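*Asks:* Protein chains in written order, with this note's numbering: chain P, 607 to 880; chain R, 3 to 438. Below is the structure I would like to discuss, written out as structure tokens.
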Amino acid sequence: MKPHFELTIQPRKGWQPIDFQEVYLYRELLAFLVWRDIKIRYRQTVLGGLWALLQPLIAMIVFTFIFHKLAGMQSDGAPYALFAFSGVAAWNFFSTSVSQSSNSLISNQQLVSKVYFPRFFIPLGAIGAFLMDLMLSLGLLGILMIYYRWPLSWTILELPLFILGAFLASAGVGLALSAVNVSFRDVKYAVPFVLQMGIFATPVIYPMRYLPAKWQVVAGLNPMAGVVVGFRHAILGTPASWSLMGLSLAVSVFLFVAGLFIFRRMETVFADVI
Amino acid sequence: MAPIIEVHNLTKEYRIGREERHDETLREVIARKIKAPLNAMRNSGERTKADKFHHFLALDDVSFDVAEGEVVGIIGGNGAGKSTLLKILARITDPTSGMVKIRGRMASLLEVGTGFHPELTGRENIFLNGATLGMRKAEITANFDEIVAFAEIDQFIDTPVKRYSSGMYVRLAFAVAAHLKPEILVVDEVLAVGDMAFQKKCIGKMSEVSRGGRTVLFVSHNMAAVENLCQRGVVLNKGNLVFDGSTRDALQHYLSINAGKFGVFEHVVQFEDARKRNSPQGKLLQKAELSTDDDRPPHLGIPLGARLKIKVHFDLPSPTDSFNIGIGFNNNYGHRVFTANSCFEPDRSPEARSGRQVFVCDIPSLTLVPGEYTTYLWLDIGNQKADAIEDAIPISILESDYYGTGKVSWRGAFVLPQRWQLETADVEEPRLTESV
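Right under this line is the structure:
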């Protein structure tokens, strides 16, 4: 019954590989951490999970009123409200994931300095919990589409690809920032500010075609640009350029791998510095 | 068979001081990096004294093996490196150099309640905490009822733990941990929790665990618990492994290290440089010499129940017959537990004296509870305080087999002779009271 298990503890220097066997061994804990973050998010609130729906809904109403009605901004085909909501849903997932996960190690100091498990579970768990919020808001988007009588098309099958892209991008950024945050608390102040600006650098309230043609592909370097465009393409069936979305998805994958390795490299000192 | 834990030349260095202030901001790091070459130039490249001061060896070349099924106590004072050692074994922090090999599934418990979330209920925390400590969900479910029963919190199981009393919180935390079933268990200080009854329950559970053939590494300040649970003791002092052997010898060794806490334990104490001194009539007290049975100088301390002789050397500036030496014994908490004074001596020579004197205080059997004591030493001349020194002579009382049973109380202040005997109880016939 005794599985032979041997472990060597030695000083680690430089880049660390990912120990997949260990990840598998602890897989239940990752699920528990996601479950915990979902459970505690809306504890002791009256509206509870409704907050996950209210936030994008109110943003949609405000954006539609200001940018569409007042400023006369157009969407790329779909009703502006649906256009704004789908963009906000994707962007909110990214921005809440990044801000929560970048603080996650600090807010879980207790765990980091007292017990061992793969450290990157902490920021990943924080993001995993927001996937549920994203699902809820996509459900609401479905209801809004019925209200606006906007049909679904086969492109919806591409949606998981873009959700994956959004997850990889936020996980990559979140992992790297959470690791840096352990030593440099500047992250805590910089992140909210950058995220606030980020919504304007991403086609959330304006359609991609507002950008000059030569910038349209370059914009794909922002992983969320392709993801937002992709969300709309998949859900609302609006036109989209695969070179832009492809570039964004590639950047997402790159960010995730880079974030993971940066995290693994820095994690050797977490318990000593945090 | 290969040992279940091998520790080879384990070293952990921390940089302390300005070098690694964790709240250093990015701007400060950049400023420091820019200044670094300038500082290096000023210090002409050499490693300066100040630089050395910033490095601190929490563990220094520690090696030992643990065989399967052994229960090892790790003993040492504050800053001895115990926690660092456990943190490395638990993989929370990396060693600076050296290597550890672990052959078996290990769970470490460095603090009870790790990973408890105040907003979650007791039930939810049992699952979360169990998973954090490396338990499978199935394992937790199987042990769930037992955990709740052990923690004695059945009716609060669905209440958020932030509403728990601290006792309930700790009981629940320990209950989860106690039901871990790894091959190797690393435990730090968890017994210092809860009320007496629960502590007893915890120790009971711990010895059950260790009797079950599992390997346990146990760190505690509770010497009785260490003695009770462990067969082997490893003593750390200032990052070095200084002793490895039976628990009894290890405890003895640990006490002897501690004996030096108030200065090196020496049987001759000079008072020239005494710091806390109040000398209205000048520095009259000179030195004190300690000896124990057969007038031998004590080696590491005075064994419990042994003789203590203190020879106090002092000066009398003018002839007088009215002078007394007092020695107050204070325990670790600074409480006076015993006072010796020459004024209690009935057969004292009455002649007037002056110049250098030696007064000998002879206590035939000193039965203070084992531990560290300091003494307040003073000289009265004509009922006036002439010279007084606080913490004058450090004295450690070592554990000894006073009662001949291998058992000695660590509680209270004194160990006193006592006898117990059982008598046959007279079973008295109920006397019938006269009734009319």
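Even for Gly, the Cβ is constructed at its ideal location relative to N, Cα and C. Being a predicted model, the structure only gives us computed values, none of them experimental.
I need the straight-line Cα distance from P/G654 to P/A772, nearest angstrom please.
*Replies:* If I take the Cα positions, the gap works out to 24 angstroms.
*Asks:* What does the alpha-carbon distance come out to for the pair P/V875 and P/G832?
*Replies:* Cα to Cα, P/V875 sits roughly 35 angstroms from P/G832.
*Asks:* Identify every residue that forms a DSSP beta bridge with P/T734.
*Replies:* It should be noted that the sequence gives Gly, not Thr, for residue 734 of chain P. Looking at the DSSP assignment, P/G734 forms no beta bridge with any residue, so it has no partner.
*Asks:* Since I believe R/F316 is in contact with R/Q359 (beta carbons under 8 angstroms), could you give me their beta-carbon distance rounded to a whole number of angstroms?
*Replies:* With 8 angstroms as the limit, R/Q359 and R/F316 qualify as a contact, their Cβ atoms being about 6 angstroms apart.
*Asks:* At the level of alpha carbons, what is the spacing between R/I142 and R/F129?
*Replies:* Those two C-alpha atoms are separated by around 7 angstroms.
*Asks:* Compare the C-beta of R/K51 against all C-beta atoms of chain P and say whether one is closer than 8 angstroms.
*Replies:* Low confidence applies to R/K51: its pLDDT is 46, below 50, so where it sits in the model is not reliable, and the reading given next is rough at best. No, because no Cβ of chain P sits closer than 8 angstroms to the Cβ of R/K51.
*Asks:* Check the DSSP bridge columns for R/M108 and list the partner residues they point to.
*Replies:* DSSP lists R/I186 as partners of R/M108.
*Asks:* Taking Cβ positions only, does R/R105 come closer than 8 angstroms to chain P?
*Replies:* It does; some Cβ of chain P falls within 8 angstroms.
*Asks:* So, are the CB atoms of R/N326 and R/T377 less than 8 angstroms apart?
*Replies:* No. Outside cutoff.
*Asks:* Check for me: the beta strand (DSSP E) holding R/D96 runs from which residue to which?
*Replies:* Per DSSP, R/D96 belongs to no beta strand (DSSP E) and is neither H nor E.
*Asks:* Give every residue of the same chain whose Cβ lies closer than 7 angstroms to the Cβ of R/G215, excluding the five residues on either side of it in the sequence, and list them in chain order.
*Replies:* Closer than 7 angstroms at Cβ, skipping near neighbours: G71.
*Asks:* P/S719 touches chain R at which residues, Cβ-Cβ below 7 angstroms?
*Replies:* The answer, in chain order, is I94.
*Asks:* Beta-carbon within less than 7 angstroms of R/A388's beta-carbon, same chain only, minus the 5 sequence neighbours each way: which residues are those?
*Replies:* Excluding sequence neighbours, R/A388 sits near P282, Q283, L286, L381 and D382.
*Asks:* Spatial neighbours of R/S46 within its chain, please: C-beta separation below 6 angstroms, excluding the five flanking residues on both sides.
*Replies:* Any reading at R/S46 is ruled out, since the residue's pLDDT is 47, under 50, leaving its predicted position unreliable.
*Asks:* Do R/P300 and R/L306 have their CB atoms nearer than 8 angstroms?
*Replies:* Cβ atoms of R/P300 and R/L306: not closer than 8 angstroms.
*Asks:* Kindly list the residues whose CB is nearer than 6 angstroms to the CB of R/I186, restricted to its own chain and excluding five residues on each side of it in sequence; keep chain order.
*Replies:* The residues are G106, M108 and T217.
*Asks:* Does P/A877 come within less than 8 angstroms of chain R when only Cβ atoms are used?
*Replies:* Interface residue, yes.
*Asks:* Is it buried or exposed, P/D625, if we count other Cβ atoms within 10 angstroms and call 16 or more buried?
*Replies:* Per the 10 Å Cβ criterion, exposed.
*Asks:* Pull up the CB-CB distance for R/G81 and R/T13, whole angstroms please, since I reckon it's below 8 angstroms.
*Replies:* At roughly 16 angstroms, the Cβ-Cβ gap does not stay under 8 angstroms, so R/G81 and R/T13 are not in contact.
*Asks:* Taking a Cβ distance cut-off of 7 angstroms, strictly less, list which residues of the region 629-645 of chain P are near chain R, in chain order.
*Replies:* Listed by position, the residues of the region 629-645 of chain P near chain R (Cβ gap below 7 angstroms) are E634, L635, F638, R642 and K645.
*Asks:* Where DSSP assigns a beta bridge to R/Q272, which residues make up the other side?
*Replies:* For R/Q272, which the question treats as bridged, DSSP gives the partners R/K289.
*Asks:* Would R/S351 and R/L318 qualify as a contact pair, given that the criterion is a beta-carbon distance under 8 angstroms?
*Replies:* Not a contact, by the Cβ cut-off of 8 angstroms.
*Asks:* Taking 8 angstroms as the cut-off, decide whether the C-beta atoms of P/G865 and P/G778 are in contact.
*Replies:* In contact: P/G865 and P/G778 (Cβ atoms closer than 8 angstroms).
*Asks:* Taking a contact to mean a Cβ-Cβ separation below 8 angstroms, would you say R/G241 touches R/L59 in this structure?
*Replies:* Against a cut-off of 8 angstroms, the Cβ pair of R/L59 and R/G241 comes out as a contact.
*Asks:* Between P/I769 and P/F673, is the Cβ-Cβ spacing less than 8 angstroms?
*Replies:* Cβ atoms of P/I769 and P/F673: not closer than 8 angstroms.
*Asks:* So with Cβ pairs under 8 angstroms, would you call P/P623 a contact of chain R?
*Replies:* No - not a single Cβ of chain R is within 8 angstroms of the one on P/P623.
*Asks:* Taking buried to mean at least 16 other C-beta atoms within 10 Å of its own C-beta, is P/F799 buried or exposed?
*Replies:* Per the 10 Å Cβ criterion, exposed.
*Asks:* Classify R/D147 as buried or exposed, calling it buried when 16 or more other Cβ atoms lie within 10 Å of its own Cβ.
*Replies:* Per the 10 Å Cβ criterion, exposed.
*Asks:* Along the region 136-151 of chain R, where does the CB come closer than 7 angstroms to a CB of chain P? Name the residues.
*Replies:* Correct list: R138 and K139.
*Asks:* Would you give the residue range spanned by the beta strand (DSSP E) that R/W380 belongs to?
*Replies:* Counting along the chain, the beta strand (DSSP E) containing R/W380 begins and ends at G373 to I383.
*Asks:* Once the 5 residues before and after R/H255 are set aside, which same chain residues still bring their CB inside 6 angstroms of it?
*Replies:* Excluding sequence neighbours, R/H255 sits near V237 and F245.
*Asks:* Along the chain, where does the beta strand (DSSP E) that runs through R/L59 open and close?
*Replies:* Its beta strand (DSSP E) spans residues H57 to V68.
*Asks:* Determine, for P/Y722, whether the minimum Cβ-Cβ distance to residues of chain R falls below 8 angstroms.
*Replies:* Yes - at least one Cβ of chain R is within 8 angstroms of the one on P/Y722.
*Asks:* Against P/P617, what residues of chain R qualify as contacts under a CB-to-CB distance less than 7 angstroms, listed in chain order?
*Replies:* Within chain R, the residues near P/P617 are D96, P97, T98 and S99.
*Asks:* Express the C-alpha separation of R/T123 and R/S168 in angstroms, rounding to a whole number.
*Replies:* Distance between the alpha carbons of R/S168 and R/T123 is about 15 angstroms.
*Asks:* With DSSP as the reference, please indicate the residues paired to R/D393 in a beta bridge.
*Replies:* Its beta-bridge partners do not exist; DSSP assigns none.
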